[in-house]
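S.K.: Pasting a structure below so you can have a look.
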Amino acid sequence: MNKTTHKYPIALITGASRGIGRAIAESFAAAGYELILTCSRTFQELNVLAADLAAKYHIPCHAFQTDAGNADEVASLFGQICATGIDHLDVLVNNAGISYVGLLTDMSPEEWRRVMSVNLDSCFYTSRLAIPMMLTKHAGRIINISSVWGNAGASTEVAYSASKGGMNAFTKALAKELAPSNIQVNAIACGVIDTAMNACFSEEDMTALREEIPADRLGRPEEVARLALQLAQAPEYLTGQIITIDGGWL
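Numbering (the numbering used here), first residue to last: 70 to 319.
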């Protein structure tokens with residue numbers, strides 16, 4: 070197969086059908102990126118989003134149903150990407166994630182493993198296959214969507230906090246490993262962002278939470294998306310950083 074010449078920078082965004090991932094996809098599309106979007110369960114929504122972004126911004130947009138926490142499915146994803154003629158990546162955004170709210174003693178080993186696989190293992194599965202596609206141009210950006218709980222820890226969210234803390238350590242270590250290859254690795258530690266992930270909390274809980282935030286509101290997915298795009302275009306000397314966006318909360 071002849072390699073296709075791509076006139077757009079190419080970004081792979083996991084967990085892109087809703088919330089922060091969807092906002093990141095829109096932000097990168099508006100900036101002229103060719104997009105590779107994935108999700109595990111809401112593929113119909115992702116397909117509609119991909120078609121809408123392609124029509125609105127006149128960029129190629131590919132949608133794949135992939136469980137980012139499954140090594141075999143991620144390997145299949147990259148096989149399909151290469152089959153389309155794409156031979157390099159400029160940006161990888163590891164956004165796929167799930168939460169678990171409850172006491173650690175009530176959590177099953179299967180539930181623990183699932184949080185770790187989707188939130189942390191996925192970064193390994195995608196990065197190990199994306200890096201060779203960045204090395205072809207001796208350039209690339211890996212952006213991991215983390216959480217303030219990866220730094221501070223949250224009661225009743227032990228697994229989530231541990232997975233995001235692991236993501237932060239992964240980010241710092243991989244940044245050192247890839248710096249000689251001109252590939253930058255950074256993470257965004259999100260505070261409370263207004264997405265469906267917060268649906269498990271009552272209105273009373275959310276009101277109390279907002280009162281703790283100096284900005285007096287939840288963050289918007291579009292704000293995280295703008296920061297992700299800025300990291301994709303930031304000076305090459307910026308790497309290994311965990312950048313917090315939380316309205317001055319923690």
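Virtual Cβ for every residue (Gly too), placed ideally from N, Cα, C.
Which of the three DSSP states is assigned to Arg210 in this structure?
M.R.: If DSSP states are grouped into helix, strand and coil, Arg210 belongs with the strands.
S.K.: For the candidate residues Lys241, Thr107, Ala256 and Ile89, whose alpha-carbon lies nearest to that of Ala144?
M.R.: Ranking Lys241, Thr107, Ala256 and Ile89 by Cα distance to Ala144 puts Thr107 first.
S.K.: Per DSSP, Val162 forms a beta bridge with which residues?
M.R.: Bridge partners of Val162: Ile82 and Ile212.
S.K.: May I ask you to report which of helix, strand or coil DSSP gives Val217?
M.R.: Three-state DSSP puts Val217 in coil, outside helix and strand.
S.K.: Is it the case that the stretch 181-197 contacts the stretch 132-140, given that we only count it when at least three CB pairs across the two stretches are under 8 Å?
M.R.: With a cut-off of 8 Å, the stretch 181-197 and the stretch 132-140 count as touching, because enough Cβ pairs lie within range.
S.K.: In whole angstroms, what is the alpha-carbon distance linking Gly90 and Glu142?
M.R.: When rounded, the distance between both Cα atoms is 19 Å.
S.K.: Counting only the same chain and skipping the five closest in sequence on each side, list residues whose C-beta sits under 6 Å from that of Thr73.
M.R.: Model confidence at Thr73 stands at a pLDDT of 47, short of 50, so the residue's coordinates are unreliable and nothing is read from them.
S.K.: Cβ atoms of Glu95 and Ile79: under 8 Å apart, would you say?
M.R.: Taking 8 Å as the Cβ cut-off, Ile79 and Glu95 do not qualify as a contacting pair.
S.K.: In this structure, how does DSSP classify Asn267 when only helix, strand and coil are distinguished?
M.R.: Correct three-state label for Asn267: helix.
S.K.: By how many angstroms is the C-alpha of Arg210 removed from the C-alpha of Arg87?
M.R.: About 22 Å.
S.K.: Using the Cα positions of His157 and Ser250, report the straight-line distance between them to the nearest angstrom.
M.R.: If you take the alpha carbons of His157 and Ser250, they lie about 15 Å apart.
S.K.: Specify the secondary structure class of Glu180 as computed by DSSP and reduced to three states.
M.R.: It is helical.
S.K.: With a cut-off of 8 Å on the beta carbons, I'd call Asn255 and Gln310 a contact; round off their distance for me.
M.R.: Contact flag correct, Cβ pair sits at about 5 Å.
S.K.: According to DSSP, Phe133 sits in a beta bridge with which residue or residues?
M.R.: Per DSSP, Thr107.
S.K.: Just list the residues that DSSP pairs Ala258 with in beta bridges.
M.R.: Answer by DSSP bridge pairing, in chain order: Ser215 and Thr313.
S.K.: Please work out which residues of its chain come closer than 7 Å, Cβ to Cβ, to Phe147, disregarding the five sequence neighbours upstream and downstream, and give them in chain order.
M.R.: Cβ within range, chain order: Leu198.
S.K.: Among all the DSSP beta bridges, which residues are the ones paired with Gly288?
M.R.: According to DSSP, which records beta bridges pairwise, Gly288 is partnered with Ile262.
S.K.: Per DSSP, what kind of secondary structure is Gln253 in: helix, strand or coil?
M.R.: Three-state DSSP puts Gln253 in a strand.
S.K.: Measuring CA to CA, which of Leu298, Gly84 and Glu305 is closest to Ala165?
M.R.: Ranking Leu298, Gly84 and Glu305 by Cα distance to Ala165 puts Gly84 first.
S.K.: Would you report the Cα separation of Gly101 and Met176, rounded to the nearest angstrom?
M.R.: Going from the Cα of Gly101 to the Cα of Met176 covers about 43 Å.
S.K.: Can you name the start and end residues of the alpha helix (DSSP H) that Leu118 belongs to?
M.R.: Per DSSP, Leu118 belongs to the alpha helix (DSSP H) from Phe112 to Tyr126.
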